[in-house]
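Before any comments, here is the structure.
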DNA sequence: GTCTATACAGTGATAGAC
DNA sequence: GTCTATCACTGTATAGAC
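Protein chains in written order, with the working numbering: chain A, 51 to 238; chain B, 51 to 238.
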């Protein structure tokens with residue numbers, strides 16, 4: 051029995067390896083095991099090797115957030131978009147069982163390789179949320195501060211949940227952040 | 051010219067390499083360069099190799115926080131201890147230029163090797179802060195929530211500052227967290 | 001598009017001279 | 001306590017058969 055893969059089938063599998071082991075820790079031998087693909091096949095899909103795999107995955111994750119989270123925040127109904135963000139974040143990070151690959155890459159020298167993507171991802175998230183908050187009627191300075199604090203808080207929650215090996219921490223943190231972000235509707 | 055090192059002289063140097071490159075990324079060849087010590091010498095100090103180096107460093111960092119932050123929070127005047135915590139955190143993480151080694155280790159499979167230390171570090175930090183907040187007169191549930199949120203928030207701030215390559219983010223986040231934690235003194 | 005076989009640099013680690 | 005020399009092994013990457 052022999053399976054035939056598409057490039058896009060491989061990406062999520064490899065992504066999970068990077069998430070679990072980090073860039074340096076994700077060796078090709080582990081990747082071959084998890085994908086059930088040989089090195090030859092992997093290099094067929096990604097001639098640039100490991101670095102190309104990681105770049106592709108980061109672009110993939112980024113694109114998902116752009117469509118699912120950032121664009122709605124930027125363009126859609128702000129309150130609906132914010133509610134959707136909380137839902138997407140909780141499900142994407144599997145209620146704290148899964149970490150943020152881009153956030154993890156930001157912490158070590160891996161950042162240097164992918165500085166652009168990493169920076170843009172977080173920059174756009176903060177800016178998109180800030181925009182939505184302003185359209186909710188929040189004052190400009192406050193919107194900026196709250197957006198930054200929220201994105202930062204999500205990353206912190208992921209770290210702490212992982213460190214304590216307690217996904218409940220993630221749920222609690224998310225709920226606190228969400229509550230703080232909920233603006234009281236302007237009194238009619 | 052030939053330098054003679056003590057084990058304790060080496061630890062901070064190696065620690066910085068781990069912080070920058072992560073556990074897997076910190077190769078012995080880099081460590082020899084940064085310490086100016088040969089592999090032979092390193093194995094003289096750390097017969098257990100890389101894993102022993104990392105364990106030693108984690109214990110070192112942990113001990114520093116215990117003395118500088120946790121114990122004061124647990125035993126000392128709570129308001130003074132909290133003020134001291136903010137100062138220590140800002141200076142330890144060099145206002146956002148330096149990341150948290152223990153937090154970074156928590157994110158990838160390195161966590162599995164050092165799960166105990168990592169868990170205890172964060173657990174004790176949260177508990178110590180919670181204790182101080184209670185002694186400040188805060189209600190128990192609120193104290194717990196605020197402690198968790200603060201420690202989590204610091205980790206998030208480190209991640210975001212690194213990702214955006216903007217240490218100002220760290221300063222702002224720290225100030226916001228600090229402000230939220232500041233309890234209004236009970237009205238006399 | 002998949003595989004095996006292979007190249008060869010770099011890895012963590014050890015032995016032994018000084 | 002320091003070094004150099006060397007070890008076996010795994011790392012990424014490539015070539016070529018099917």
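For every residue, glycine included, the Cβ atom is placed at its ideal position computed from N, Cα and C.
Per DSSP, residue 162(A) is one residue of the alpha helix (DSSP H) stretching across 160–163. For residue 87(A), the secondary structure class from DSSP, reduced to helix, strand or coil, is coil. Shown in chain order are the members of the stretch 196–207 of chain A whose Cβ falls below 8 Å from a Cβ of chain B: 198, 199, 201, 202, 203, 204, 205, 206 and 207.
Counting only Cβ-Cβ distances below 7 Å, residue 74(A) has contacts in chain B at 72, 74 and 75, in chain order. The beta carbons of residue 104(B) and residue 172(B) sit no closer together than 8 Å. Annotation: residue 164(A) has no Cβ neighbours in chain B at a cutoff of 9 Å; minimum Cβ distance is about 10 Å.
Counting C-beta pairs closer than 8 Å gives three or more between the stretch 145–163 of chain A and the stretch 210–221 of chain B, which meets the contact rule.
In this structure, 151(B) is the residue among 94(B), 151(B), 95(B) and 231(B) with its C-alpha nearest to the C-alpha of residue 114(B). In the DSSP assignment, residue 212(B) falls within the alpha helix (DSSP H) that extends over 190–214. Proximity to residue 129(B) across 178(B), 85(B) and 195(B) peaks at 178(B), based on C-alpha coordinates. The way I'd put it, the stretch 78–92 of chain A doesn't touch the stretch 117–124 of chain A; fewer than three beta-carbon pairs between them come closer than 8 Å. Under the Cβ distance rule, residue 63(B) does not count among the residues neighbouring chain A, no pair being separated by less than 8 Å. Cβ-Cβ distances below 8 Å link residue 185(A) to 128 in the same chain, with the five nearest sequence neighbours on each side left out; the list follows chain order. In terms of beta-carbon proximity, residue 81(A) stays away from the interface with chain B, with every pair separated by 8 Å or more.
Scanning chain A for C-beta atoms nearer than 7 Å to the C-beta of residue 173(B) yields 214, reported in chain order.
Taking a contact to require three or more Cβ pairs closer than 8 Å, the stretch 127–146 of chain B and the stretch 58–66 of chain B do not qualify as touching. Taken atom to atom, the span from the alpha-carbon of residue 110(A) to that of residue 121(A) is near 15 Å. When rounded, the separation of the alpha-carbon atoms in residue 193(A) and residue 176(B) is 28 Å.
When secondary structure is reduced to three states using DSSP, residue 149(B) falls in the coil class, being assigned neither helix nor strand. Close partners of residue 168(B) in chain A (Cβ separation under 8 Å): 213. DSSP places residue 232(A) outside both helix and strand once states are collapsed to three, so it counts as coil.
The stretch 213–229 of chain A and the stretch 214–232 of chain B do not touch, with fewer than 3 CB-CB distances between them shorter than 8 Å.
Taken through DSSP and simplified to helix, strand or coil, residue 128(B) comes out as helix.
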